[in-house]
Amino acid sequence: MSLQPELTRVQEQALAGLRPKRSLRTHIFNFYRTKPLGAFGATMALFILIVAIFAPMIRTHDPYFTNHEKLYAAPSSEMYFGGDTLGRDVFSRIVEGSRISIKVGLISALVGCTLGMVIGVSSGYFGGLYDLVVQRLIDAMIAFPALVLALALMAALGSSINNVIISLSIIFIPSTARIIRSQALAIKETDYVLAAHAVGANHLRIMFRHMIPNVMAIFIVTLTFLMGVAVIAEASLSFLGLGVGPDVPSWGGMLRGATKNYIGISPLLPVIPGLSIAILVFSWNVMGDSLRDILDPRLRGSQ
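Written as C-alpha cells, this is what we have:
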C-alpha cells in the first residue's frame, strides 16, 4: 500500500483547473488536422454563408431584371454563368438563391430541432401517460412520408419562404423528438439526476441543468444533418411549384425553370443550381459526420 495519500476529488479538480486551457484557435487547428474532410465541409459551408450575407455586394446584376436580348446568353465577362430563359443573370440569381437556402436550412432545422429536443427530453423525463400520448402523436406524424406531409402543409399555407420554414420545422419535430427521447431515457437513470431528485430539485431545474446539456452532442449532430435535408426539401418543393414564389431566385425554382422546357437549349442552366445544392448539402453532411465522431463519447473512446 502506498504511503502517499490519495488525492481527493476536490484536489484533483483544483489540479485540473491549473492545467492550461486550449484556446479556440487550438481547437480549430486540431479539427482541421484530425478531420480534414469535415474541415473542408465546414470551410465550404462558411464560404457559402459569407456569400449569402454579402450577396447584395457580390451579385453583378439585379436578379429579378429581365433582358430579352440576353436570352440563353453564354457565359461571359458580363454574365459569368450566362442568362436564363428570361435573360436574367444566372450568377446573380445563384448568389441571391444562397440566401434562401441558408435561411431555410438554418431556421427550419434550428426551430424543428429545438422543439423536438424539448418534447423529447420532457417525454423521456416524465414518462407515463404523457410519454405515451406524445409517442403516439409522433408515430402518427412519422407514418406520413415527409415530402407528402410537406406538400400538404404548403398546399394549405400557400407558397412563401416563411411557410416553407414553418412546414419543414413541423416535419423535423417528430424525428428529433424520438432521437432525443432515447438519450433522455438513459440520462434520467444516471446518478447525478437521481441525486438532484434526492436534494429536492424541481423538474425544470433537472431538465435544463442536467438533461438538456447532456443531449446537446446528439442535438448538434442532428441539427447539421437536418440543415442539409431542409435545403433538399426546399429545392424539392420549389421544383414542384409549391415552395417559395415563382419569381424568387431559389435554387429549386431555378432547376424547375431550367428543366421544364429549356434543358435542350441551354444544358448549363440546370447544372449550376443543382451543383450548388449538392455542394451545400455535402458540406453540411461531412461537417456533421465529423462533429458526430468528435462529440459521441463511444466513437471518441474507440479512436
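Using this note's numbering, the first residue of the sequence shown is number 887, and each one after it goes up by one. Every residue, glycine too, gets a C-beta built ideally from N, C-alpha and C.
By alpha-carbon positions, which one of Ala1116, Met1140, Leu1112 ends up nearest to Thr1062?
Leu1112
What is the DSSP secondary structure of Gly969, reduced to helix, strand or coil?
strand
In terms of residue numbering, what span does the alpha helix (DSSP H) encompassing Lys921 cover?
Segment: none, Lys921 is in no alpha helix (DSSP H) and carries neither H nor E.
Classify Ala1144: buried if its beta carbon has 16 or more other beta carbons within 10 angstroms, exposed otherwise.
buried
Since Asp1179 sits in a beta bridge, which residues does DSSP pair it with?
Partner(s): none; Asp1179 has no beta bridge.
I want to know whether the segment 954–974 touches the segment 1013–1026 - three or more CB-CB distances under 8 Å.
no
So, for Arg1178: in the same chain, excluding its five sequence neighbours on each side, which residues have a beta-carbon less than 6 Å away from its beta-carbon?
Val1107
Could you have a look at Asp1133 and say whether DSSP puts it in helix, strand or coil?
coil
Rounded to whole angstroms, how far is the Cβ of Ile980 from the Cβ of Ser1124, which I believe are closer than 8 Å?
Incorrect: roughly 14 Å between the Cβ atoms, too far for contact.
Where Asp1077 falls: helix, strand or coil (DSSP)
helix
Given 8 Å as the limit, is there contact between the segment 1128–1136 and the segment 985–998, that is, 3 or more CB pairs closer than that?
yes
Rounded distance between the beta-carbons of Pro1159 and Gly983, thought under 8 Å
7 Å
Which class does Gly1174 belong to by DSSP, given the choice of helix, strand or coil?
helix
By the three-class DSSP mapping on this structure, what secondary structure does Asp1025 have?
helix
Of the choices Val1034, Ala925, Leu1155, Asp975, whose alpha-carbon is the least far from that of Ile944?
Asp975
Nearest-angstrom Cβ-Cβ length linking Ile1052 and Leu1043, presumed shorter than 8 Å
7 Å
List the whole-angstrom C-beta distance separating Ile1118 from Val1157, where the pair is believed to meet the contact cut-off of C-beta under 8 Å.
Not confirmed; about 17 Å, so no contact.
Taking the DSSP output, what are the residues bridged to Asp1017?
DSSP output for Asp1017 lists no bridge partner at all.
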